[in-house]
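Chemist:
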Amino acid sequence: MYQFFVEEEQVHSDSISITGGDVNHIKNVLRMKNGEKIRVSSKSGQAYFCHISSILDDEVIAAIDSADETGTELDNHIVLYQGLPKGDKMELIIQKAVELGVSEIVPVAMKNCVVKLDDKKAAKKLQRWQAIAESAAKQSKRTVIPTVKQPVTYKEALKIASELDITLVPYENERGMDATREIMGQLKAGQNIGVVVGPEGGFAPEEIALVDENAAMHRISLGRRILRTETAGMATLAMLVYNLDV
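This is the structure in structure tokens:
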């Protein structure tokens, strides 16, 4: 069943109006017909099971069959602070993080980042990254589209993360999974959780020192093997899903 997102004002008492680029996608790419089932989510997070009742030139009308009371979202707001990686790795990270239930993704410029983004490059990248987040949200039947934020400095990231209930920092020099299991086991539904992942070159010593100054931030181990930056965030998010998706 295909998934689409609409603004709140497009949802009516018994139908939903789908406009914009999704109209062409429904008509000419998916070649859908009247009567076919779809799932539609509003920006407020409410999802509906619908069937297509009318396909017009610039609008598709979906009749509401029922509301999706179960939903697909975690009860936690999870923010991934990702050290900027090389090449197109950020696209993969965004795609998989959205599938795993992240709420926001914040690209972070860190000391060992090879990539340097000026404002012009960042704006272009951000548009592409947000489109990937939306596509991944549709594929994984998310009820909301996670937001990819403007890149920030490492100190800015830690300042924002310090306002969350708890922030996890996978660190390659941290040893022992027992502490990781203990922290994961203490997490509760409704908490705002941050995950800070370093770039290819890892965290600089002074960056880890800043983590240790904040009582709400915890270094964790992901095992005895060194994980790539694009793997570390996924591994941490998968652990969170295991502990919180009930």
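Taken in order, the sequence shown gives residues 408 to 653; the numbers are from my numbering. Where a beta carbon is used, it is the ideal one built from N, C-alpha and C, also for glycine.
(1) Are S460 and A454 close, meaning C-beta to C-beta below 9 Å?
(2) Is the distance from the Cβ of A529 to the Cβ of Q557 below 9 Å?
(3) Within 10 angstroms of the Cβ of M408, are there 16 or more other Cβ atoms? Answer buried if so, exposed if not.
(4) State the DSSP-derived secondary structure class of H419, mapped to helix, strand or coil.
(5) Can you give the Cα-Cα distance for T479 and E607, rounded to whole angstroms?
(6) In whole angstroms, what is the alpha-carbon distance linking D525 and I539?
(7) Contact between the stretch 558-575 and the stretch 495-510 is defined here as three or more beta-carbon pairs at a separation below 8 Å; is this criterion met?
(8) Suppose the cutoff is 8 Å on Cβ atoms and the five residues either side in sequence are ignored; what does the same chain contact list for S628 look like?
(9) Which residue's Cα is closest to the Cα of D482: G508, C457, F411?
Modeler: If we stick to the structure as given:
(1) no
(2) yes
(3) exposed
(4) coil
(5) 32 Å
(6) 21 Å
(7) no
(8) P577, Y578, E581, R582, G583, M584, A586, T587
(9) G508
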